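Novice:
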Amino acid sequence: MISDRMKNLHPYVPGEQPKDRVYIKLNANENPYPPSPTVQAAVIDFVKTNPMRLALYPDPDSLELHAAVADMLNRTGGVLCNAKVNGDSVEPMEKDLIPFTVTPDMIYTGNGSDEVLSFVFYAFFDSGKKLVLPEFTYSFYPVYAGFYNIETDVVPMKEDWSLDVQNMLYRAKKNGSGLIFANPNAPSGIALSRNDIRKMLEQSDPDQIFVVDEAYCDFGGESCIPLLSEFKNLLIVRTFSKSLCGAGMRLGYIVACPELVQYITTVKNSLNHFPIDAVAQTAGIAACRNPAYYCECARKVAEEREEFQKFLKDEGWEYIPSKTNFVLVRNPSVSGEEVYRCIKEDGILVRHFSTKGIEDYVRVTIGTKEQMDALKVSMKKIKG
Ligand SMILES: *Cc1c(COP(=O)(O)O)cnc(C)c1O
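If you're matching positions, the sequence shown starts at 203 in the working numbering and goes up one per residue.
1) How about residue 487 and residue 228: are their beta carbons less than 9 Å apart?
2) Cutting at 8 Å between CB atoms, please list the residues of its own chain near residue 377, excluding the five before and the five after it.
3) As a quick exercise: from 343, 398, 212, 453, pick the residue whose alpha carbon is nearest that of residue 591.
4) Tell me whether residue 374 sits in a helix, a strand or coil according to DSSP, three-state version.
5) Tell me, please, which residues DSSP counts as bridged to residue 550.
6) Would residue 280 and residue 416 be called neighbours here (beta carbons separated by less than 9 Å)?
7) Please write down, chain order preserved, every residue whose beta carbon lies under 5 Å from a heavy atom of ligand 1.
8) State the Cα-Cα distance for the pair residue 196 and residue 242, rounded to the nearest angstrom.
9) In this structure, how does DSSP classify residue 293 when only helix, strand and coil are distinguished?
10) Just to confirm the assignment, what range does the beta strand (DSSP E) spanning residue 336 have?
11) Look at residue 392 and residue 364 and say whether their C-beta atoms are less than 9 Å apart.
12) Let's see if you can read the secondary structure: which residues bound the alpha helix (DSSP H) around residue 247?
13) Check residue 577 in the structure and name its three-state DSSP category.
14) The beta strand (DSSP E) with residue 340 in it runs from where to where?
15) Work out the CA separation of residue 234 and residue 261 for me, nearest whole Å.
16) Who does residue 354 pair with in a DSSP beta bridge?
17) CB of residue 258 to nearest heavy atom of ligand 3: below 8 Å?
18) Taking 8 Å as the limit between beta carbons, can you name the residues of its chain near residue 375, skipping five residues before and five after?
19) From what residue to what residue does the beta strand (DSSP E) around residue 412 run?
20) Determine whether the beta carbon atoms of residue 212 and residue 423 lie at a separation below 9 Å.
21) Please state the DSSP three-state secondary structure of residue 327.
22) Might you give, ordered along the chain, the residues of its own chain that have their beta carbon closer than 6 Å to the beta carbon of residue 352, omitting 5 neighbours on each side?
23) Distance check for residue 319 and residue 440, CA to CA, integer angstroms please.
24) So, are the CB atoms of residue 340 and residue 551 less than 9 Å apart?
25) Can you check the stretch 453 to 525 for any alpha helix (DSSP H) of at least 4 residues that lies completely inside it and give the ranges in chain order?
26) According to DSSP, residue 567 sits in a beta bridge with which residue or residues?
27) Answer yes or no: do residue 240 and residue 491 have a C-beta to C-beta separation smaller than 9 Å?
28) For residue 366, collect the residues of the same chain with a Cβ closer than 6 Å to its Cβ; drop the 5 residues on either side in sequence, then sort them by chain order.
29) According to the Cβ coordinates, are residue 425 and residue 298 closer than 9 Å?
30) On the DSSP letters alone, give me the boundaries of the beta strand (DSSP E) that residue 288 sits inside.
31) Could you tell me how far apart the beta carbons of residue 473 and residue 456 are, in whole angstroms, since I believe they sit closer than 8 Å?
32) For residue 383, name the three-state secondary structure that DSSP assigns.
Structure, rendered in structure tokens:
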């Protein structure tokens, strides 16, 4: 009964969302803070003052949302934790300044960056060309490769868990394919600098797509948005799910030159021409218009991450220094599975992957100070 295509599907397994007990959730890299009060007000106002908008189709081009996203990027430089906040006003840190104005035609929004990524795979990766992927990166990329019947060429990580950039570039050239990776990468939390990425772009084929997934950039990475004026093959994917406290809203976006955005729009219009619902558009616009709130949230998460890493060091745990809202952590004498289980017993969920190579680790999402304090108490009890 099922198609041949169907046999190639190997679906992504998300972090568990248990219903049996209330856990402190540090397993899915969600933001521990609620959306800004202005987002909550905008959603209430949407339903109260104009419920007819639920009966009518939303703006298919999400124009107001795209303008709001572009404006937020111009105001923050695309790294929320670094931006200087003064009351409601926000300014990028010097090194994050974008040397041109991001315009709404450089933005595409979709139903979470997962949907956006799937359109990117459809538009830019050919099934005849082996797609180069780092061995450890966002585990949805190989899932999409299977979905679209694209073979992959998996490049092992370097000893220190960083991307083997030279090998990735070499193989992409050899295979005549584009490139995709997350920066900062997951689940390592390691970031390449903008200059590293500029060098990669200079060495790669300008006629091949170069995708950088910046899901975690706001917590301490360097955005490559400033490189967009120089490299027309660069496509950046970002999301509201992590730094914009909006995983439940399902909003992800692309920043790229208008020509690339147009290709993705064509894919969308060939599948479902109304992907972002009216409530998500409203909430997203309100979020983008209040960057000061989200800068504070990202800064708090980044500070809590540094605190946590200090704790790990003092307590003799091993970890990979992270620029994101999570840390990959390992106890030198207790298995990852056991660490996960002990912490869960204390009512806290972290993520354990049974994948070979990282099975000794757990990935801990950074929560509020109170949540991290509870986690530290639990971790202190774990001894080999
Ligand atoms: C969380 C995550 C996403 C998915 O984000 P959604 O917008 O919630 O679909 C994409 N890429 C990476 C690297 C992520 O960690």
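Even for Gly, the Cβ is constructed at its ideal location relative to N, Cα and C. The structure displayed is predicted, hence computed values, not measured ones.
Specialist: So, from the data block:
1) no
2) 331, 332, 333, 334, 355
3) Residue 591 cannot be examined here, being either before or after the span of the chain that is shown, 203 to 586.
4) helix
5) 226
6) yes
7) 314, 315, 316, 340, 384, 388, 415, 417, 441, 443, 454
8) The requested residue 196 is not part of the displayed model; the chain covers only 203 to 586.
9) strand
10) 333 to 336
11) yes
12) 239 to 251
13) helix
14) Note, residue 340: premise wrong, no beta strand (DSSP E); not H, not E.
15) 30 Å
16) 333
17) In the structure on display, ligand 3 does not appear, and the ligands it does have are ligand 1.
18) 406, 407
19) 412 to 415
20) no
21) coil
22) 327, 329, 333
23) 10 Å
24) no
25) 460 to 471, 480 to 490, 493 to 517
26) 528
27) yes
28) 357, 360
29) yes
30) 286 to 288
31) That pair is no contact at about 16 Å.
32) strand
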